[in-house]
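> Quick one: the structure is below, questions incoming.
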Amino acid sequence: MLEALVNPPVAPSHLSVKLPAALVTAAKESAQTFRRSTAGQIEYWAALGRKMESSGLTILQAEQALQQDSTNSSDSLEAHMTKMKAANSSGALKRQFHTIVASNQALAN
Numbered sequence: 482m483l484e485a486l487v488n489p490p491v492a493p494s495h496l497s498v499k500l501p502a503a504l505v506t507a508a509k510e511s512a513q514t515f516r517r518s519t520a521g522q523i524e525y526w527a528a529l530g531r532k533m534e535s536s537g538l539t540i541l542q543a544e545q546a547l548q549q550d551s552t553n554s555s556d557s558l559e560a561h562m563t564k565m566k567a568a569n570s571s572g573a574l575k576r577q578f579h580t581i582v583a584s585n586q587a588l589a590n
């Protein structure tokens, strides 16, 4: 008992989880584009999901915000990524998300 008080068990910093193969494959592909590890890509997606949920922005609203400037739905993934990077760099993406979140908050009040 004294040993447990002096040296309490430490929770592992990483745990194993089972993920759908399709998700891992998509993460591998996306990770290469952004020069991340597969695990790093999944962690990045999880962090984005947490931020989205805490912002009050729904997935549908996020998709609509991202597609608002898109005039050609047949654009390649690379074209969409280029647009996303440009919108992120210019601050337009952040402004659009803040506008939608503010609108949601106003509707909730």
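Be aware that the sequence shown starts at 482, since it is given in the working numbering, and climbs by one per residue.
Ideal placement from N, C-alpha and C gives every residue a C-beta, glycine not left out.
The structure presented is a predicted model; accordingly, all values stated were derived computationally and were not measured.
Across the region 532-548 and the region 576-584, are there enough close Cβ pairs to call them in contact, namely three or more that are closer than 8 Å?
Verdict: yes, contact present.
> Suppose you measure from the CA of residue 576 to the CA of residue 568; what does that come to, to the nearest Å?
Rounded to the nearest angstrom, the two C-alpha atoms are 10 Å apart.
> For a test of the three-state rule: what should DSSP assign to residue 537, helix, strand or coil?
Here residue 537 sits in coil by DSSP.
> Does the separation of the CB atoms of residue 503 and residue 519 fall below 9 Å?
No. Outside cutoff.
> Where residue 585 and residue 538 are concerned, what is the direct C-alpha to C-alpha distance, given to the nearest angstrom?
In a straight line, the C-alpha of residue 585 is about 8 Å away from that of residue 538.
> What does the alpha-carbon distance come out to for the pair residue 521 and residue 512?
When rounded, the distance between both Cα atoms is 8 Å.
> What whole-angstrom Cβ distance do residue 517 and residue 525 have, given they're in contact under 8 Å?
The pair is a contact, with the Cβ atoms about 7 Å apart (cut-off 8 Å).
> Quick one: residues in its chain with C-beta nearer than 6 Å to the C-beta of residue 536, no 5 flanking neighbours on either side, listed in chain order?
Closer than 6 Å at Cβ, skipping near neighbours: 582.
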